[in-house]
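Here's the structure we're looking at; comments come further down.
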Amino acid sequence: MYLALLVIFLQCSEVYAEERAFTFNRVDIKVQPSVKVKNGAPMSIVCHADISKSTDFQLKHNFTIFKDRKLVFTTVSDKSDAQYEIPRARSSDSGDYKCTVEANGKTKSSDVLHDVWITGMTKPILTADKKQVFEGEIVKLRCELPEEEPPLYFFFRKIKMNSTPQVTRVNERHRNFSVVEISVEEGDNILQFDCYGGRYISSEFETSEHSNTTLVMVKEPFTKPTLSVKHSRNVTEGDRIQFECSAVAAQMRDIEIILQKNKTILKSVRDEKLLKYSAVATLEDSGEYLCKVEQGGASKTTKINIVVSELFPKPILAASMSKLDENKELTLNCSISGFRKANFSILRKNSNGATWLKNSRNLTIRVKVNDTGSYICKAEVKGIVKESKPVRINVYAPVSKPTLSAVSGLPEVVLGKPLWLMCRSAMGTPPITFTFYKGNDTKKIVTNDTYATFLDENIRQNDKRPYKCSARNNHSSGMKTSNILNITVIVPIGNASLGSVPYGEVEDGSETAFLCSVNEGSWPIYFRIFRKTDREVLVYDKHVNADRVLWRKEAMKRQDTGTYYCTASNRASVDVKSHSITISVVLAAWKKGVIAAFVLIPMAGAVALILWWFLCKKKKAKGPSMEMSGSALATNLTSEKLTRQHNDGDYYSGSGYIEDSDNHMKSTDDSKGPELESAEVEYTEVEVSTLDPHRAPGQKGTETVYSEIRKANNDSVENRHSRIQGHPDAT
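So for the sequence shown, my numbering puts the first residue at 3; every next one is plus one.
Shown next as structure tokens:
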């Protein structure tokens, strides 16, 4: 039963859902009566939803209206239209509108309605805080645009009679009114003020009509000042000139009178009606004078122009000479053209002003160097003092003989490097003109105070031309010339090479000669020879006035084995390194002979003993026989011959002698025939006579061996000393 009810309920729900289906076709927005509405008129924004439904049923709609993407209206209705009413449209209602409709989870928006424009703005209201003011005071004005929304622009106008209005502009971003302060200036009497507003709508500037006009009356706090001058028509230098400046004020409190000339204030008074100023007139007093009266923010001025006539012209100072040697006479004369009755004085100017020299129109002195400077004269008539133009006097001391030297301090230069020379005069009044010479050629002329420098970059190895310089100034003594300076040109070291005798292998204890040389370079040359094994060791060094150095190492040792190279340097301060050679120290020949004697002779004896033991063993195995006796005899003879050979150094056995013991055994065994091995041996006593030690063949063999050894040794020594291996300059 319950199951049946559930099925019926679900089916009814499906039927009900099918009956309440809907869809949005479109959403429209419009303005009534039109997109352009006059300011203050009513306006409506209408949003309409076009919907299709399955059946006729009530549907709730959520309407939302936006202006310039900001929410301005929202409502819920079961109707397909919604209306946003604006009873009095203002310019702030201008903009772009859009509406959105939402129903049962479905949403649809309209297109944007552009350029809704409210033409015109409300009339602004202007108020002033004062209706009557004094010159220099401030008027505060307030302009308001009621019912308008910011941002807004306000324009205030100050209107004077017969003149163009002065406009003040203010931008208000957050309020619909603005306040400004406008000053009342001199000459303002009846002022009118008004204002108007404005704003940007769709990139166009909309303005309101002008506000009401406000009238402000202006009063004078004081009258325009009066400026008078005694003798204003005929003023001559020396006359006393007097100025008077006055004004009439409603109240004297905080009033100030100022007298100025060319922006320089001559005098001022405060809280007084009259200003007086007097001075002795000079030519510099000619010009425009201004009297100014100030009180608060108000000010008034009066101007007057004064011309002062010249009483006498400026004096003229003349000098007998402007450039002269020390201890010469100088005469100065001061005069006024067409005027003689004056008090004259002559002075010398300095950094602190001027130093008085004499109250006279003439001055004669014997000058010194410190008298160099500018001189003036002054003339006074009726208290008017005038000054002449300065006259420059230069007194010269003669230059001393200049000295020429190299800037580096030494009279030398490395080939290819620049040479700096300095010419200096210890005494002499500047400016001094220095001239440099190379040989007979003038190279450079320099004007300086005490010294000059010269750069020579074109120096060659065989350039022997000397240098000199001269100096002169404006002294009449003329030119002074320095001594001759000769410069040594230092040639840098060329390629370095190293050789040795003997070269390569050197016998222990023998003498070895090393030769280090260079292709070119100025003397003296510093040679150094290094040996390099696991570290570098300086083994020899020497300063020589030559392009080579020879070092003899008397006794070479095993620790002298290594790689050798040499370096060379001179005053050019550049080290040049040679190629490397390798020297190996080996045992001497006589040491090898001793080692052979102590090793080979015992070995030969041991071999003979082993052979004897072997023959004895073989004899016992075969039994006694004659052949064995013969063999024993032969063996004894051979042994005796070997023994005598080793015991007697001068004995030579002849062609039957073999150097090594193995060959000796072989030779003895080969002398036996096969018959001797198979024959029976009989033992017989045999007397063997000793060989005569004075036999001629033995002597001849000894002489032949030593002759060959000496010859071989001599040939070897000659070959070793006939050349220096590894050295291109060997002799």
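Beta carbons are placed, not taken as given, at the ideal position from N, Cα and C, and that holds for glycine.
When the Cα atoms are used, what is the spatial distance from residue i to residue j?
| i | j | result |
| --- | --- | --- |
| residue 140 | residue 185 | 4 Å |
| residue 321 | residue 471 | 35 Å |
| residue 434 | residue 443 | 20 Å |
| residue 481 | residue 333 | 28 Å |
| residue 117 | residue 88 | 17 Å |
| residue 610 | residue 602 | 12 Å |
| residue 23 | residue 57 | 8 Å |
| residue 296 | residue 232 | 24 Å |
| residue 613 | residue 599 | 21 Å |
| residue 175 | residue 94 | 13 Å |
| residue 105 | residue 84 | 14 Å |
| residue 580 | residue 486 | 40 Å |
| residue 489 | residue 449 | 24 Å |
| residue 622 | residue 615 | 11 Å |
| residue 369 | residue 329 | 5 Å |
| residue 301 | residue 138 | 7 Å |
| residue 478 | residue 357 | 29 Å |
| residue 447 | residue 437 | 4 Å |
| residue 310 | residue 290 | 12 Å |
| residue 535 | residue 484 | 57 Å |
| residue 47 | residue 34 | 7 Å |
| residue 253 | residue 352 | 54 Å |
| residue 445 | residue 466 | 16 Å |
| residue 584 | residue 564 | 6 Å |
| residue 596 | residue 605 | 14 Å |
| residue 523 | residue 589 | 40 Å |
Which same chain residues end up closer than 6 Å to residue i when comparing Cβ atoms and leaving out the 5 residues on each side of it in sequence?
| i | result |
| --- | --- |
| residue 275 | 248 |
| residue 11 | At residue 11 the pLDDT is 49, less than 50, meaning the model places this residue with poor confidence and gives no usable figure here. |
| residue 573 | 492 |
| residue 115 | 31, 99 |
| residue 570 | 495, 498, 520, 527, 529, 578 |
| residue 229 | 247, 293, 304, 306 |
| residue 236 | none |
| residue 562 | 587 |
| residue 25 | 54 |
| residue 64 | 78, 104 |
| residue 721 | Low confidence applies to residue 721: its pLDDT is 37, below 50, so where it sits in the model is not reliable, and the reading given next is rough at best. So the list is empty, once near-sequence residues are dropped. |
| residue 507 | 586, 588 |
Considering only the alpha carbon of each residue, which of the options lies closest to residue i?
| i | options | result |
| --- | --- | --- |
| residue 366 | 381, 354, 285, 349 | 349 |
| residue 28 | 51, 39, 43 | 51 |
| residue 256 | 78, 621, 298 | 298 |
| residue 593 | 123, 267, 226, 509 | 509 |
| residue 62 | 103, 92, 34 | 103 |
| residue 555 | 395, 432, 513, 541 | 513 |
| residue 474 | 507, 398, 606, 506 | 398 |
| residue 416 | 378, 390, 462 | 462 |
| residue 360 | 342, 372, 379 | 379 |
Determine, using beta carbons only, whether residue i and residue j come nearer to each other than 8 Å.
| i | j | result |
| --- | --- | --- |
| residue 258 | residue 270 | yes |
| residue 54 | residue 203 | no |
| residue 241 | residue 283 | yes |
| residue 125 | residue 222 | no |
| residue 500 | residue 566 | yes |
| residue 147 | residue 179 | yes |
| residue 319 | residue 336 | yes |
| residue 559 | residue 576 | no |
| residue 430 | residue 402 | yes |
| residue 199 | residue 150 | yes |
| residue 201 | residue 154 | yes |
| residue 86 | residue 68 | no |
| residue 197 | residue 112 | no |
Just to confirm my understanding: we take residue i, look at its own chain, exclude 5 residues before and 5 after, and list those with CB closer than 7 Å. What are they?
| i | result |
| --- | --- |
| residue 538 | 532 |
For residue i, which residues of its own chain have a beta-carbon under 8 Å away from its beta-carbon, when the five flanking residues on both sides are left out?
| i | result |
| --- | --- |
| residue 37 | 115, 117, 118, 119 |
| residue 60 | 80 |
| residue 152 | 174, 175, 176, 177, 178 |
| residue 324 | 393, 394, 395, 396 |
| residue 135 | 141, 186, 218, 219, 220, 221 |
| residue 331 | 322, 366, 367, 368, 369 |
Would residue i pass as an interface residue toward chain D - the criterion being a Cβ-Cβ separation below 8 Å?
| i | result |
| --- | --- |
| residue 126 | Absent from the structure is chain D; it holds one protein chain and no more. |
Original post:
Between the region 447-460 and the region 404-423, are three or more C-beta pairs nearer than 8 Å?
Top reply: The region 447-460 vs the region 404-423: in contact.
Subject >> Segment contact, 8 Å Cβ cut-off, at least three pairs: the region 147-159 with the region 239-247 >> reply: Touching, no.
**OP:** Determine, using beta-carbon pairs with one atom in the region 515-535 and one in the region 544-551, whether at least three such pairs fall under 8 Å.
**Re:** Yes, the region 515-535 is in contact with the region 544-551.
**OP:** Report yes or no: do three or more beta-carbon pairs, one from the region 116-130 and one from the region 203-220, lie closer than 8 Å?
**Re:** Under the three-pair Cβ rule at 8 Å, the region 116-130 counts as touching the region 203-220.
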